[in-house]
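One structure is given below, encoded as structure tokens.
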Amino acid sequence: KAGVTQTPRYLIKTRGQQVTLSCSPISGHRSVSWYQQTPGQGLQFLFEYFSETQRNKGNFPGRFSGRQFSNSRSEMNVSTLELGDSALYLCASSLEGGGQSTQYFGPGTRLTVL
Amino acid sequence: QQQVKQSPQSLIVQKGGISIINCAYENTAFDYFPWYQQFPGKGPALLIAIRPDVSEKKEGRFTISFNKSAKQFSLHIMDSQPGDSATYFCAARVTGTASKLTFGTGTRLQVTL
Chain A
555 KAGVTQTPRY LIKTRGQQVT LSCSPISGHR SVSWYQQTPG QGLQFLFEYF SETQRNKGNF
615 PGRFSGRQFS NSRSEMNVST LELGDSALYL CASSLEGGGQ STQYFGPGTR LTVL
Chain B
18 QQQVKQSPQS LIVQKGGISI INCAYENTAF DYFPWYQQFP GKGPALLIAI RPDVSEKKEG
78 RFTISFNKSA KQFSLHIMDS QPGDSATYFC AARVTGTASK LTFGTGTRLQ VTL
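Respectively, the protein sequence lines represent chains A and B. In case it helps, this note's numbering puts the first sequence at residues 555 to 668. In case it helps, this note's numbering puts the second sequence at residues 18 to 130.
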């Protein structure tokens, strides 16, 4: 089975721009979660989507948004980029989410904001 | 508010030695505690996980010890190998909050020859 794939792997943007990141979960997985990883703040939960609905949300400003499509693929959008948004954005998928459902992480998208 | 505290920040262990990483949590609603291993350029990968009704879980060279009363859990890597050199994260989750994992700050492990 193919793992979680994320595109693009690397991205360079300038302040004020917006960016869209994509995540394709493992086949059959319906839950997709997004995390931001930075050296200073570590791994922080952004949001989770399940069956095209946002099921959980972390403490990030409204500039961070996402969506999930009927095939469980998910996109994450960041508008009006700030320097502090430079990070590794990780996507994780699981069968149903919650319980003891294992989350499988993708390799991440490295976003650099100049 | 950091809900999962992890220590040490970095660790150097000789090949064949035991690596020990500790985590402490505050939220008593947490009921699932996984450990993830991350290599440079890769996403975190699940190593082993435990529920609070079990005090210890072992998988190969990796063991989780769990102390519910102290709200602490630890990862022990026996017979540490250079290939174990990576960053390790503890995490915690409340079952009812779906997939939201709260991570520790990570421990960079280096296993020397």
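A virtual CB, placed ideally from N, CA and C, is assigned to each residue, including glycine.
Taking C-beta atoms as the reference points, residue 559(A) and residue 578(A) count as a pair closer than 8 Å.
Residue state for residue 99(B) is assigned as helix, using DSSP reduced to three classes. Taking one beta carbon from each stretch, the stretch 21-28 of chain B and the stretch 73-87 of chain B have fewer than 3 pairs nearer than 8 Å; the two do not touch. Beyond the five residues adjoining it in sequence on each side, residue 31(B) comes within less than 7 Å, by CB distance, of 129 in the same chain, given in chain order. Just so you know, the alpha carbons of residue 572(A) and residue 663(A) end up roughly 15 Å apart. Within chain A, 596 have C-beta atoms less than 7 Å from the C-beta of residue 123(B), given in sequence order. Flagged as an interface residue toward chain B: residue 599(A), by a C-beta distance shorter than 8 Å.
Within the same chain, and ignoring the five residues on either side of residue 116(B) in sequence, the residues whose Cβ sits closer than 8 Å to its Cβ are 110.
Looking at the backbone, the Cα of residue 574(A) and that of residue 623(A) are separated by about 14 Å. Straight through space, the alpha carbons of residue 600(A) and residue 615(A) are spaced by roughly 10 Å. In terms of CA proximity to residue 62(B), 557(A) leads the group 557(A), 634(A) and 618(A).
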